[in-house]
Each structure stands twice: as C-alpha cells, then as structure tokens.
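K.L.:
First residue of the sequence shown? That's 1 in full-length UniProt numbering, and the numbers climb one at a time after it. A virtual CB, placed ideally from N, CA and C, is assigned to each residue, including glycine.
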Amino acid sequence: MVVLLFYVLAAFVIAVDQLSKYWIREHLLMGESTQIWQGFIHVIRLENTGAAGSSFEGYGRWFVPIAVLIVAVVIYYRGKGKLKGRWMEIGTAFFVGGAIGNAIDRVLFNGVTDFIQLKGQGGVMNIADISLNIGMIVVLLTMLFTRRKPTSAPTIGSSEAR
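1. Just mark residue 67 as buried or exposed, buried being the case when its beta carbon has 16 or more other beta carbons within 10 Å.
2. Which residues bound the beta strand (DSSP E) around residue 47?
3. In angstroms, rounded to a whole number, what distance separates the CA positions of residue 169 and residue 75?
4. Could you tell me whether the stretch 132-143 touches the stretch 79-96, using the rule of 3 or more Cβ pairs below 8 Å?
5. Can you tell me whether residue 145 is buried or exposed? The criterion is at least 16 other CB atoms within 10 Å of its CB, across all chains shown.
6. Indicate whether residue 128 and residue 107 have their beta-carbon atoms separated by less than 9 Å.
7. Which first and last residues belong to the beta strand (DSSP E) in which residue 124 is found?
8. Where does the unbroken alpha helix (DSSP H) through residue 118 begin, and where does it stop?
9. Name the two residues that bound the continuous alpha helix (DSSP H) containing residue 92.
10. Terminal residues of the continuous beta strand (DSSP E) containing residue 38?
11. Just to confirm before moving on: does the CB-CB distance between residue 64 and residue 15 stay below 9 Å?
12. So residue 79 is in the alpha helix (DSSP H); what residue range does that whole segment cover?
13. Going by alpha carbons, who is nearest to residue 12 out of 29, 120, 82, 98?
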C-alpha cells in the first residue's frame, strides 16, 4: 500500500502541475497577470529557461538529465528499501513529481512555465517548484525525526567480538 502511495502521489503532482501550466499557457499571454487572492496570490505568466530565480538563463535543458538522474537514484534507493516509511514515501513522491513536472516543460518548451507569485516574494514559481520544496522539507524532517535502531557493537569479551 505504501509503495502505491508513492506512485499515485507522484502522478497526481505531475498531473496537477501540467494541467495548471496548460491552463496558464492557454488563458494568459506572456507577462499578463491577475490577482487570485487580493494582496496574497498574484498570477503572472512567465517562461523561465533557466533554474530557480532565473539563474543559468538559457541552460534549462541541462537540468533534464540531472532531474532524470535524481529520479533514478530515488527509485533505486526506494527499491533497495533505503527510503522507508509513509512520510518518506510522501516526501520523495512530491520531490519526484516536481522534478518530472519541470523536466517535461524543459523538454517540450525549452523552459518552465512559472505563474504563482506570493505577496512578499520576488520570485514566480509553479506547482512543480512548490512540490519540490514540500518534498525536500518532508524528507529532511523525516530523516531528522525518525529514530533509527542503534546497532550495538560487540563488547570486549563477548562471543561476537572473537
């Protein structure tokens, strides 16, 4: 059941991300904006051909193989049982869904459609960006607060130490 959660949640993130970007591309011209929640959420259509904050402008396609590698590593470690537990599944699903969502844009459009701007934030983001951040936070908090069973080292004089 937990394994299914990862794939369903990652697919859901990808679908919501791609549908929201499609809607924005169909209904807003480049640079066009509107208020969604007065004074809090502003929607503006921008295309980012770089990375976060428009860094590495024009080099967005270089991030596709990086995203593929990261997704492959997550799936590999999941298969090896290294990423266990419901919260780790949720965190990695959000992260993988966000990475794939932005990679799809980079392959199809040579850039990422950004459209969400929060009050007090200079940057414009999308659902995939938000999902990447949620995923990283959940994974880090899970790693921080998950207790691992201590492995006891053999003591001197025990049969295991010989």
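P.N.:
By the coordinates alone:
1. Counting from 1 along the sequence shown, the entry for residue 67 is found at position 67. Residue 67 should be labelled buried.
2. Locating residue 47 in the sequence shown gives position 47, counting from the first residue. Where residue 47 is concerned, the enclosing beta strand (DSSP E) stretches over 41-48.
3. Nothing about residue 169 can be reported from this structure: the residues present for the chain run from 1 to 162 only.
4. Touching, yes, given that three or more Cβ pairs across the two stretches are closer than 8 Å.
5. Taking the sequence shown and counting its residues from 1, one reaches residue 145 at position 145. Exposed.
6. For the purposes of this step, residue 128 is taken as the residue at position 128 of the sequence shown. For the purposes of this step, residue 107 is taken as the residue at position 107 of the sequence shown. No, Cβ-Cβ distance for residue 128 and residue 107 is not below 9 Å.
7. Position 124 of the sequence shown, counted from the start, is the residue given in the question as residue 124. Segment: none, residue 124 is in no beta strand (DSSP E) and carries neither H nor E.
8. Taking the sequence shown and counting its residues from 1, one reaches residue 118 at position 118. If you look at residue 118, you'll find it isn't in any alpha helix (DSSP H); it sits in the beta strand (DSSP E) that goes 112-118.
9. The residue labelled residue 92 in the question sits at position 92 within the sequence shown. From DSSP, the alpha helix (DSSP H) with residue 92 extends over 86-109.
10. Reading the sequence shown from its first residue, position 38 is the one you call residue 38. Where residue 38 is concerned, there is no enclosing beta strand (DSSP E), given that its DSSP letter is neither H nor E.
11. As a working note, residue 64 is residue 64 in the sequence shown. As a working note, residue 15 is residue 15 in the sequence shown. For residue 64 and residue 15, no; Cβs fall outside 9 Å.
12. Here residue 79 corresponds to residue number 79 of the sequence shown, with the count starting at 1. Here the alpha helix (DSSP H) through residue 79 covers 63-79.
13. The residue labelled residue 12 in the question sits at position 12 within the sequence shown. It is 98.
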